[in-house]
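Asker: Numbering (full-length UniProt numbering), first residue to last: 1 to 274. Glycine included, every Cβ here is placed at the ideal spot set by N, Cα and C. The following block contains the structure, expressed as structure tokens.
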């Protein structure tokens, strides 16, 4: 059973683990040499639950769909659904030609939630994010559809991801947004800037920040010392941070962090998350 000693934070009145488990890399984007291993991933899920890291994050695009199915199978195999505060997302998808697109229209939002619940094998998602904002659809329509899902008991809390301060303010006029998931790490400090005013706005509106990629997409672990450490099919190969022209400069930041961590007697990952 989950430990009661794991640090927690309040989110929408709920106690959630201070550090969450991002499940994307188990099924999507961060390809390890040899591919994905569902058995090993299930063991990680069990270990996370055992130590009290029970705030889990997934999305329908991860796979696509296979990450939600992985978690759903774990719920079914273990019977431990009630221990987990589960977040999933919608709206970031591929069109019929395989091109990236975004959808936030009411019809899509309702169907996406129904499909996620089916894959997960559950009746309710604790925190449901719009993964990316659809600039073709008013945020009021998207949030309105999410409110309907909440009234139907299919979701508990509403969230947005990678939105602007202006969009967040508009969304909160329709319904309280429990959390905004934003990239935040020594590589990505934009939410703190005066230009975005995002952190300031979130605090004003009572919206919690859930940081994604706090380890700089794995760079800040110190385990990636060259581009050869990435599988050719790993999508980080094409990310600007890991690009040939930027890699060595960014590695300097990583190595500086690693040296500070060494002096403090911790790992680079622990320092980045502190």
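Apart from the five residues just before and just after residue 2, which ones in its own chain have a Cβ nearer than 7 Å to its Cβ?
Answerer: Along the chain shown, read from residue 1 onward, the residue named residue 2 stands at position 2. The predicted model places residue 2 with a pLDDT of 49, which falls under 50 and marks its position as unreliable, so this point remains unresolved.
Asker: Could you tell me if residue 114 is buried or exposed, where buried requires 16 or more neighbouring beta carbons within 10 angstroms of its beta carbon?
Answerer: Counting from one through the chain shown, the residue named residue 114 turns up at place 114. It is exposed - the Cβ of residue 114 has fewer than 16 other Cβ atoms within 10 Å.
Asker: Can you name, in chain order, every residue of its own chain whose Cβ lies under 8 Å from the Cβ of residue 110, other than the five neighbours on each side?
Answerer: As a first step, residue 110 is located in the chain shown; it is residue number 110 there, counting from the start. Cβ neighbours of residue 110 beyond the five flanking positions: 145, 148, 149.
Asker: Excluding sequence positions up to five away, which residues of its chain have a Cβ less than 7 Å from the Cβ of residue 121?
Answerer: Position 121 of the chain shown, counted from the start, is the residue given in the question as residue 121. Answer for residue 121: 72, 75, 76, listed in chain order.
Asker: Using a C-beta cutoff of 8 Å, does residue 40 count as contacting chain B?
Answerer: Within the model displayed, chain B is absent; a lone protein chain is all it includes.
Asker: Going by DSSP, what residue range makes up the beta strand (DSSP E) through residue 100?
Answerer: Counting from one through the chain shown, the residue named residue 100 turns up at place 100. Unbroken beta strand (DSSP E) run through residue 100: 100-102.
Asker: Assuming residue 119 is part of the alpha helix (DSSP H), what are its boundary residues?
Answerer: Taking the chain shown and counting its residues from 1, the one referred to as residue 119 is at position 119. Note, residue 119: alpha helix (DSSP H), 106-120.
Asker: CA-CA distance, residue 246 and residue 47?
Answerer: Within the chain shown, numbered from 1, the residue matching residue 246 stands at position 246. Within the chain shown, numbered from 1, the residue matching residue 47 stands at position 47. Computed Cα separation, rounded: 36 Å.
Asker: CA-CA distance, residue 227 and residue 244?
Answerer: Working through the chain shown from its first residue, we reach residue 227 at position 227. Working through the chain shown from its first residue, we reach residue 244 at position 244. Distance between the alpha carbons of residue 227 and residue 244: 8 Å.
Asker: How would you label residue 184, buried or exposed, when you count the other beta carbons within 10 angstroms and need 16 or more for buried?
Answerer: Here residue 184 refers to the residue found at position 184 when the chain shown is read from its first residue. It counts as buried.
Asker: Between which two residues does the alpha helix (DSSP H) harbouring residue 269 extend?
Answerer: For the purposes of this step, residue 269 is taken as the residue at position 269 of the chain shown. That run of the alpha helix (DSSP H) goes 268-273.
Asker: On the three-pair Cβ rule with 8 Å, is the stretch 130-138 touching the stretch 16-27?
Answerer: no
Asker: Alpha carbon to alpha carbon, what distance is there between residue 116 and residue 99?
Answerer: Taking the chain shown and counting its residues from 1, one reaches residue 99 at position 99. Taking the chain shown and counting its residues from 1, one reaches residue 116 at position 116. So the alpha carbons of these two residues sit roughly 21 Å apart.
Asker: Apart from the five residues on each side of it in sequence, which residues of its chain come closer than 7 Å, Cβ to Cβ, to residue 41?
Answerer: As a working note, residue 41 is residue 41 in the chain shown. Correct list, in chain order: 26, 70.
Asker: Report the residue from 235, 126, 57, 102 whose alpha carbon sits nearest the alpha carbon of residue 212.
Answerer: Counting from 1 along the chain shown, the entry for residue 212 is found at position 212. Residue 212 has its Cα closest to that of 57, out of 235, 126, 57, 102.
Asker: So, at 7 Å on beta carbons, what are the nonlocal neighbours of residue 66 in its own chain, with the 5 sequence-adjacent residues on each side left out?
Answerer: By 1-based counting over the chain shown, the position of residue 66 is 66. Only 27 meet the Cβ criterion.
Asker: Apart from the five residues just before and just after residue 198, which ones in its own chain have a Cβ nearer than 6 Å to its Cβ?
Answerer: Here the question's residue 198 lines up with position 198 in the chain shown. Closer than 6 Å at Cβ, skipping near neighbours: 165, 191.
Asker: Bridge partners for residue 88 per DSSP, in chain order?
Answerer: Looking up residue 88 in the chain shown gives position 88. Residue 88 pairs with 128.
Asker: Just reading off the alpha helix (DSSP H) that residue 146 is part of, what are its end residues?
Answerer: Translated into positions along the chain shown, residue 146 becomes position 146. Element bounds for residue 146: 139-151.
Asker: Roughly how many whole angstroms lie between the Cα atoms of residue 128 and residue 79?
Answerer: For the purposes of this step, residue 128 is taken as residue 128 along the chain shown, with counting starting at 1. For the purposes of this step, residue 79 is taken as residue 79 along the chain shown, with counting starting at 1. Those two C-alpha atoms are separated by around 22 Å.
Asker: So what does residue 15 bridge to, in DSSP terms?
Answerer: Within the chain shown, numbered from 1, the residue matching residue 15 stands at position 15. According to DSSP, residue 15 bridges with 10.
Asker: Confirm, please, whether the CB-CB distance from residue 31 to residue 229 is below 8 Å.
Answerer: Residue mapping note: residue 229 aligns to position 229 of the chain shown, counting from 1. Residue mapping note: residue 31 aligns to position 31 of the chain shown, counting from 1. Taking 8 Å as the Cβ cut-off, residue 229 and residue 31 do not qualify as a contacting pair.
Asker: I'd like to know whether the C-beta atoms of residue 170 and residue 140 end up nearer to each other than 8 Å.
Answerer: Taking the first residue of the chain shown as 1, we reach residue 170 at position 170. Taking the first residue of the chain shown as 1, we reach residue 140 at position 140. It is a contact, given that the beta carbons lie within the stated cut-off.
Asker: Just curious, the alpha helix (DSSP H) that residue 227 is in, first and last residue?
Answerer: As a first step, residue 227 must be located in the chain shown, where it is residue number 227. From DSSP, residue 227 is part of no alpha helix (DSSP H); its letter is neither H nor E.
Asker: So within the stretch 14-80, which uninterrupted alpha helix (DSSP H) runs reach at least 4 residues, ignoring any that extend past its ends?
Answerer: 38-51, 66-78
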